[in-house]
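A.B. asks: Numbered per our numbering, the sequence shown spans residues 4 to 135.
Here a beta-carbon is modelled for each residue, glycine too, at the ideal position from N, C-alpha and C.
Can you keep this structure in mind? I'll have questions shortly.
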Amino acid sequence: MTDDEIKSTLRRIQSNIRVTKVVATRSVKGKGGDTYAGFSAAWNTVQDDAGGGIDALLSDTAEAQSGMTLREARVAHLMVAMQADLAAHDAALAGGNISNNYHREAHRGIKANYSRMIREVFAGAPQSDKPE
4 MTDDEIKSTL RRIQSNIRVT KVVATRSVKG KGGDTYAGFS AAWNTVQDDA
54 GGGIDALLSD TAEAQSGMTL REARVAHLMV AMQADLAAHD AALAGGNISN
104 NYHREAHRGI KANYSRMIRE VFAGAPQSDK PE
């Protein structure tokens, strides 16, 4: 394949990808050990692991149309990852593994960083839905 054919194929595949689930896990290292938190979120509950057998009721086309675009999936992942980060720090504080001050500063930084990254995804920079 030529470079142009590869780019065209990548664009076609990318425009048709639909994401139905995002997962994020985090750990916080503290004086008393590691504290973990994890979240997974399903979009429109179309997966076989989402329960209810809804995946058997939907056609492949309906299932694909109900998914998120790559950009939407990146935003969803950042949202879920932020909650995992915050929850891991909350659990570490509750377990006495980190100080109140560390927890407060971590929460402030986490919220600021994820907010910035989500805005960058919406702005299309530095990540873009277009292959280079």
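A45 bridges to which residues according to DSSP?
C.D. replies: A45 pairs with K24.
A.B. asks: Of all the options T28, M120, R111, which has the alpha carbon lying nearest to the alpha carbon of A141?
C.D. replies: Here the chain has residues from 4 to 135 only, and residue 141 is not among them.
A.B. asks: Answer with buried or exposed for K34, where buried requires no fewer than 16 other C-beta atoms within 10 angstroms of its C-beta.
C.D. replies: exposed
A.B. asks: In or out: F125 buried (at least 16 other Cβ within 10 Å) or exposed?
C.D. replies: exposed
A.B. asks: From the DSSP output, in three-state form, read off S118 for me.
C.D. replies: Secondary structure of S118 (DSSP, three-state): helix.
A.B. asks: Determine the direct distance from the alpha carbon of S11 to that of G112, and round the result to whole angstroms.
C.D. replies: 39 Å
A.B. asks: Please confirm whether V31 and A109 have their CB atoms less than 9 Å apart.
C.D. replies: yes
A.B. asks: Which whole-angstrom value describes the C-beta separation of L96 and N104, a residue pair presumed to lie in contact below a C-beta threshold of 8 Å?
C.D. replies: Contact doesn't hold; Cβ gap of about 10 Å is too wide.
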